Amino acid sequence: MILRRKLDLQRVPPSVRVTSIADMVAELPAGELVEVLASDPHSVAEFRATSRSAATDLLESSQLGDVFRFVLRKL
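Below, the structure is given as structure tokens:
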């Protein structure tokens with residue numbers, strides 16, 4: 032898996048996270064992978080919902096300490 036983009040949304044409010052993800056995904060070509068980091072525990076549910084509505088696949092979700100890591104692929 033080759034990650035070409037990384038979006039660090041740690042300590043970013045939920046409303047800004049959703050907008051940032053939507054803007055970034057819109058720029059991606061189909062098949063592109065992106066790693067997203069977040070620090071809000073609610074981001075897990077948020078990313079599951081966002082991946083369905085933003086034409087992305089949530090390939091991976093993990094947690095290390097208080098950092099949540101997501102890998103998305105643009106459909």
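Heads up: the sequence shown is residues 32 to 106, going by this note's numbering. Cβ atoms here follow ideal geometry from the backbone N, Cα and C, with glycine treated the same way. All figures in this text were calculated on a predicted structure; none of them were measured in a lab.
Rounding to the nearest angstrom, what Cα-Cα distance links A85 and R48 in this structure? 13 Å
Measuring only the C-alpha atoms, how far is L90 from R104? 7 Å
Contacting residues, own chain, Cβ-Cβ under 7 Å from R42 (five flanking each side not counted): S70
What are the residues that DSSP puts in a beta bridge with A69? F99
Range of the contiguous beta strand (DSSP E) that encloses R36: R36 to D39
Three-state secondary structure (DSSP) at E58? helix
I need the DSSP call for R104, collapsed to helix, strand or coil. strand
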